[in-house]
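Asker: Residues in the sequence shown are numbered consecutively from 27, following our numbering.
Cβ atoms here follow ideal geometry from the backbone N, Cα and C, with glycine treated the same way.
Predicted, not measured: the structure shown is a model, and the values here were computed from it.
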Amino acid sequence: MDTTVTPDTTNRDAANTHSLSNSRFLRACHRQPVDATPIWLMRQAGRYMSEYRSLREKYTILEIIKTPELACEVTMQPINAFDLDAAIIFADILPPLEGMGLQLEFVKGEGPVIHNPVRSSADVDNLQVRPPQEALSFTLDAIKLARNELDSRGIPLIGFSGAPFTLASYAIEGGSSKNRLHVKGMMMGDPTAWHNLMIKLSEVAGNYLLAQAEAGAHVLQLFDSWVGDLSPDDYRQYVMPYSQHAIDIAKQSGVPVIHFGTNTNGMLDLIRDAGGDVIGVDWRIRLEDAWNLLGDKVAIQGNLDPVALFAPWDALKARTQQILDPVKGKPGHIFNLGHGILPNTPVDNVRRLVDFVHEYTSK
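Put into structure tokens, the structure is as follows:
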């Protein structure tokens, strides 16, 4: 398939200024009042949707990600199905590692596998830091195509990257890991190699985010999915400076940055201090308690347990109310899950959740 993308973006931003000025999602990112709480859902495009599964019967996940037309199509699937307040570009956090010289494969039943993991200083030295326009052009092109689809609807687009620690976790372990023995081994046992690796990863992640904004993303999200495995002291010493560096690069774009992690309740203040206009929290902390810890200078995103979407509607509705009632429509709240939608999630519950959040919080 020809992946060359040359969309007509003449006066695109100017023509879309009015429609996006009233975006609930963008207003919430800036902690401005909204007419109803905005909602989008992590992994809102993916395996739980029959439209996506149909595509996966024909293409591998990497083929979809690396074909801008297909990535755009998948990005739009949940937007066409639900009244969501934002789209997120369909991609994955791991292709940046492939661009650095690591051999990535998604293995059925096992997930992502890095066939040449980083285990030594020499391995770190061999990693390349290439411009995202060269290494990840397919996602930048998909963003441009998605903007063409979304602009007429006034729906903003989110770009994203894995955070340095989460990228390091996959790069060093070679895939998923329960205890991150190799990651923590390098971090604790070879701090020089760790520093050199994290500098490279922070440059890759930050510049990738910046390039996505330049391609048309309205908001950027940094995913640090596995950072909750660290102690606060280790986070402060070994991770925080590099997340901060990546976010500082991304913020040169001038668009809002969401900083998301899971199981980070013991270090939310550090996550906030590392940077981000919006801080994502999971279901392991009450939303109002998280906001008290974070303060009023950041917006907050979360925090329904993804498993709740499998519950009967009355139970799901009650849990949603438990999240919404204490914050009472406080400016700066973006409703989301505490992590991504799970496979086999009932589509009807997703639809009812999205509609209910809007109806329950509308002013």
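(1) Return helix, strand or coil for Ala113, following the three-state DSSP convention.
(2) When DSSP labels each residue in this structure, what does Phe164 get in the three-state scheme?
(3) With H, G and I counted as helix, E and B as strand and the rest as coil, what does DSSP make of Ser187?
(4) Just to confirm the assignment: which complete alpha helix (DSSP H) runs, minimum length 4, are found wholly within the segment 260–288?
(5) Rank Val373, Leu320, Leu313 and Glu199 by C-alpha distance to the C-alpha of Asp351 and give the top, closest one.
(6) Given that a residue counts as buried once 16 or more other Cβ atoms are within 10 Å of its Cβ, and exposed if not, what is Ala272?
(7) Measure the C-alpha to C-alpha separation of Thr288 and Asn174 and round it to an integer number of angstroms.
(8) Put Gln247 into one of helix, strand or coil per three-state DSSP.
(9) By alpha-carbon positions, which one of Ala316, Ser49 and Arg377 ends up nearest to Pro182?
(10) Can you list, in chain order, the residues of its chain whose CB lies under 6 Å from that of Thr371, leaving out five sequence neighbours each side?
(11) Whole angstroms is fine: what's the gap from Pro217's alpha carbon to Asn329's?
(12) Check Gly366 in the structure and name its three-state DSSP category.
(13) One question on the structure: do Ser76 and Val373 come within less than 9 Å of each other, judged by their Cβ atoms?
(14) Between which two residues does the beta strand (DSSP E) carrying Phe132 extend?
(15) Between Gly215, Ala117, Gln348 and Arg145, which has its C-alpha nearest Asp260's C-alpha?
(16) So, is Ala344 buried or exposed, given that buried needs 16 or more other C-beta atoms within 10 angstroms?
(17) Specify whether the segment 217–237 and the segment 88–99 touch according to this definition: at least 3 beta carbon pairs, one from each stretch, less than 8 Å apart.
(18) Taking the alpha-carbon positions, what's the Glu95 to Arg57 distance?
(19) To test your reading of the DSSP string, which unbroken alpha helix (DSSP H) runs of 4 or more residues are found completely within the segment 288–320?
(20) What would DSSP say about Arg38, mapped onto helix, strand or coil?
(21) Going by Cα to Cα distance, which pick from Gly200, Ala237 and Val139 is closest to Ala276?
(22) According to the neighbour-count rule (16 or more other Cβ atoms, all chains shown, within 10 Å of its Cβ), is Asn152 buried or exposed?
(23) To the nearest angstrom, how far is it from the Cα of Asp295 to the Cα of Ala54?
(24) Looking at C-alpha atoms only, which residue of Leu123, Ala161, Ala300 and Leu342 is the closest neighbour of Val380?
(25) Should Asp299 be labelled buried (16 or more other beta-carbon atoms within 10 Å of its own) or exposed?
Answerer: With the given structure in hand:
(1) strand
(2) helix
(3) strand
(4) 266–276
(5) Leu313
(6) buried
(7) 33 Å
(8) strand
(9) Ser49
(10) Tyr74 and Leu335
(11) 34 Å
(12) coil
(13) yes
(14) Leu130 to Val133
(15) Gly215
(16) exposed
(17) no
(18) 34 Å
(19) 294–300 and 313–320
(20) Confidence at Arg38 is low in this model, with a pLDDT of 40, below 50, so its placement is unreliable and the value that follows should be read with caution. Helix, per DSSP.
(21) Ala237
(22) exposed
(23) 20 Å
(24) Leu342
(25) exposed
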